[in-house]
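A short worksheet on the structure shown next.
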Amino acid sequence: MTRQHIKKGCIHVYTGNGKGKTTAALGLALRAIGHGYRVFMLQFMKGSKEYGEVQAAEKYLPDLIVVQSGLETFVDKENPSRADIDLARRGLETARKVLREGHYDLVILDEINVAVDFGLITLEEVLELMRIKPEHVELVLTGRYAHPEIIKAADVATEMTLINHPYYSGVEAREGIEY
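Sequential numbering of the sequence shown, starting at 1426, is according to the numbering used here.
Structure (structure tokens):
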């Protein structure tokens, strides 16, 4: 039996300083999997297996492949390490390969906007990824600081706005909720 593909894949950008960019992308992934689609998520600047989505994919979601391309530590924007840069470049190559092969119906490039803002990869490289996306692939780019050219090239652009957050009341990041 031949698996169906998405007929016309769009490009989504989820950006802004509010919570929910990765969560929105994962919601879309769950919906796609429910309809029999295959999903690939590449997480730039993340390298910890403690993220709930990584654990859930490994345990319960064989049609959601999550690959991380970062260290377990935060990236210093003013002075990224050689490893931070190398891992982002490796992630970029993986994204190119995945898009060119067209095996996945939904490709999520998590935190790619931040990787551009931090200078780990270039704006032009991301625009190239958007251009080489096969017709049947839905592409999602997440992260704060989306460049205006990325937003302009997208079919869907959503800005998450922070209005309130438990952190302001002294509540630390909670396992299963924030990560």
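Note that beta-carbon positions come from the ideal geometry of N, C-alpha and C, so glycine has one too.
Since the structure is predicted, the reported quantities are computational estimates derived from the model, not experimental observations.
Using 10 angstroms around the beta-carbon of Asn1538, count the other beta-carbons present and answer buried if the total reaches 16, otherwise exposed.
Counted from its first residue, the sequence shown places residue 1538 at position 113. With 16 or more other Cβ atoms from the protein chains shown falling within 10 Å of its own Cβ, Asn1538 counts as buried.
Which partner residues of Thr1583 appear in the DSSP bridge assignment?
In the sequence shown, the residue the question calls residue 1583 occupies position 158. In the DSSP output, where bridge partners are listed per residue, Thr1583 has Tyr1439.
Could you check whether Glu1536 and Phe1469 sit closer than 8 Å to each other, using their CB atoms as the reference points?
Against the sequence shown, residue 1469 aligns to sequence position 44. Against the sequence shown, residue 1536 aligns to sequence position 111. Against a cut-off of 8 Å, the Cβ pair of Glu1536 and Phe1469 comes out as a contact.
Identify, in the order they occur along the chain, each residue of the same chain with its Cβ nearer than 6 Å to the Cβ of Ile1431, setting aside the five sequence neighbours on each side.
Position 6 of the sequence shown, counted from the first residue, corresponds to residue 1431. For Ile1431, where only same-chain residues beyond five positions count, the Cβ hits under 6 Å are Asp1530, His1561 and Glu1563.
Contact between the segment 1487 to 1501 and the segment 1432 to 1444 (3+ Cβ pairs under 8 Å):
For the pair of segments examined, the segment 1487 to 1501 was found not to touch the segment 1432 to 1444: the number of CB pairs separated by less than 8 Å stays below three.
Please go through the segment 1443 to 1531 and give each complete alpha helix (DSSP H) segment of 4 or more residues, from N-terminal end onward.
Whole alpha helix (DSSP H) segments, 4+ residues: 1446 to 1459, 1477 to 1485 and 1507 to 1526.
What are the complete beta strand (DSSP E) segments, minimum 3 residues, inside the segment 1535 to 1563?
Unbroken beta strand (DSSP E) stretches of 3 residues or longer found wholly inside the segment 1535 to 1563: none.
Taking the alpha carbon of Ala1520 as the point to measure from, which residue in Ala1508, Tyr1485, Ser1506 and Ile1546 has its own alpha carbon closest?
Here residue 1520 refers to the residue found at position 95 of the sequence shown. Relative to the Cα of Ala1520, the nearest Cα in the group Ala1508, Tyr1485, Ser1506 and Ile1546 belongs to Ile1546.
With Ala1571 and Val1438 assumed to form a contact (beta carbons below 8 Å), what rounded beta-carbon distance in angstroms separates them?
Along the sequence shown, read from residue 1 onward, the residue named residue 1571 stands at position 146. Along the sequence shown, read from residue 1 onward, the residue named residue 1438 stands at position 13. Indeed, because the Cβ distance is near 5 Å, the residues count as touching under 8 Å.
Burial state of Asp1509, where buried means 16 or more other Cβ atoms lie within 10 Å:
Against the sequence shown, residue 1509 aligns to sequence position 84. Around the beta-carbon of Asp1509, 16 or more other beta-carbon atoms lie within 10 Å, marking it buried.
Given a threshold of 16 other Cβ atoms within 10 Å of its Cβ, counted over all protein chains shown, does Ser1494 qualify as buried or as exposed?
Residue numbering aside, residue 1494 sits at position 69 when the sequence shown is read from its first letter. By the 10 Å Cβ count, Ser1494 comes out buried.
Can you give the Cα-Cα distance for Leu1534 and Gly1595, rounded to whole angstroms?
Walking along the sequence shown from the start, residue 1534 turns up at place 109. Walking along the sequence shown from the start, residue 1595 turns up at place 170. Taking C-alpha positions only, Leu1534 is separated from Gly1595 by approximately 31 Å.
Excluding five sequence neighbours on each side, which residues of the same chain lie with their C-beta closer than 6 Å to the C-beta of Val1565?
Locating residue 1565 in the sequence shown gives position 140, counting from the first residue. If we look at Val1565 and ignore the five residues flanking it on each side, its Cβ neighbours are His1437, Ala1450 and Ile1533.
So the alpha helix (DSSP H) Ala1578 belongs to, where does it begin and stop?
For this step, residue 1578 is matched to residue 153 along the sequence shown. Its alpha helix (DSSP H) spans residues Pro1573 to Ala1578.
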